[in-house]
Amino acid sequence: MKSIPYIDSHTGGEPTRLIPELPFSVPRGSVAEQLAVLQQQHDTLRKTILHEPRGSDVLVGAYLVAPAQQDCQFGVIFFNDVGYLGMCGHGMIGVIATLSFLGRIQPGTVKVETPVGVVEATLHPTAQGKANDYPNRVSLKNVPAYRFLTRVPLEIAGKTIHGDVAWGGNWFFLVHDHDLVITAANLEQLTGFCREIRRQLTAGGIRGSNGAEIDHIELFGASREADSRNFVLCPGAAYDRSPCGTGTSAKLACLYADGKLGAGQVWRQQSIIGSIFEGKIEAVGEQLVPTITGEAWVMARGELLVDSRDPFAGGIPK
Ligand code: PYC
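Every position in the sequence shown, counted from 1, becomes a number in my numbering once 99 is added.
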């Protein structure tokens, strides 16, 4: 019987399953190099952790690994039920709050190496401290974000819509001119619409820079409580319950490029379930650096058990 310790948290409703230690060693190297080894040689571990019956398509996983960059304290690799993510905003907030819960970090700033760059995470002190509280509010200075393509037209269900292709740590197609209402009552419709967009992007060869797949689709609508409400379809079939940290970063880059958001101005992005992230963007030299702030809550701690006799020990195949 193999045991894999884990801790689950959620950030604005979107869960993150942290694996604080890999159950085997991988050769030292950059976090991107360690990801390549995990992807090529140990992908069963990802499926064991996140596929049913132990996991589900809603969960995002995070491996805590050794960083190669000298100024980083941690390395993190994010994954979901269909593959690996470049960065993950809600996931990073969850990892930092979980490390705080474990007493491994105190309020202050740490640097985290991800496969797509270094993220600076600031854990804020608890406002009104009670003895058992752990600080759980986190601001992430994300990897630089940018818009790659503007107003790309697509024909969906007989209507022309337009989307921007932007990077925020993952690739996004961001759409405003759709007819759907961004509400949890419309989840099926929103998911179907986004899946059709993703299908057409693939069929039409529309990609991010260096031919990267655009695997996140983001729709925007009005919000009464924030500047905007979004629906984000993640790689696979699940939607983001949080406002999506990397998606909000991509959105900030587009707003800035359009002159609709100034440097340092706060943008409040609400998710489909009502949770809110605060974001702002700053120009650092030639680059646009987004900062995303949110809270995460630890929910469960335990060990996954893998019995070699179990026909679904490696998860139900997809
Ligand atoms: O918060 O960046 C994010 C994210 C990506 C996929 C799910 N959440």
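Using N, Cα and C, we set each Cβ at its ideal position, and we do this for glycine too. This one's a predicted model, so the numbers in the text were calculated from it and none came from an experiment.
Query	Result
Residues of its chain near Val-365, where Cβ-Cβ distance is below 6 Å and the 5 sequence neighbours each way are ignored	Glu-377, Lys-379
Chain-ordered residues, beta carbon under 5 Å from a heavy atom of the ligand ADP	The ligand ADP is absent from the structure shown, which contains only the ligand PYC.
Whether Leu-137 touches Leu-144 by CB criterion (9 Å)	yes
C-alpha distance - Val-264 paired with Tyr-183, whole-angstrom precision	20 Å
Cα-Cα separation between Cys-343 and Gly-174, rounded to whole angstroms	20 Å
Beta-carbon spacing of Ala-349, Asn-269 below 9 Å	yes
Neighbourhood of Phe-200 by C-beta distance below 6 Å, restricted to the same chain and skipping five residues each side	Tyr-233, Val-397
Rounded C-alpha distance that separates Gly-111 from Thr-347	13 Å
Neighbour-count burial assignment, Asn-309, 16 or more Cβ in a 10 Å radius	exposed
Buried or exposed by the 16-neighbour rule on C-beta atoms within 10 Å, applied to Ile-281	buried
Nearest-angstrom Cα separation, counted from Glu-212 out to Glu-312	22 Å
Contact set for Ser-129: own chain, Cβ-Cβ below 6 Å, skip 5 residues either direction	Ala-167
Euclidean distance between Cα positions of Glu-79 and Ile-372	An answer regarding residue 79 cannot be provided, because it is not within the stretch 100 to 417 covered by the chain.
Simplified DSSP assignment, three categories, for Thr-259	strand
Per-residue DSSP class, three states only, for Leu-360	coil
Paired residues, beta bridge with Arg-400 - DSSP	Ile-106
9 Å Cβ cutoff, Leu-300 in contact with chain D	No chain D is part of this structure, which consists of one protein chain only.
Environment of Phe-292 [buried if 16+ CB atoms lie within 10 Å]	buried
For Asn-285, the residue or residues it bridges with in DSSP	Bridge partners of Asn-285: none, in fact.
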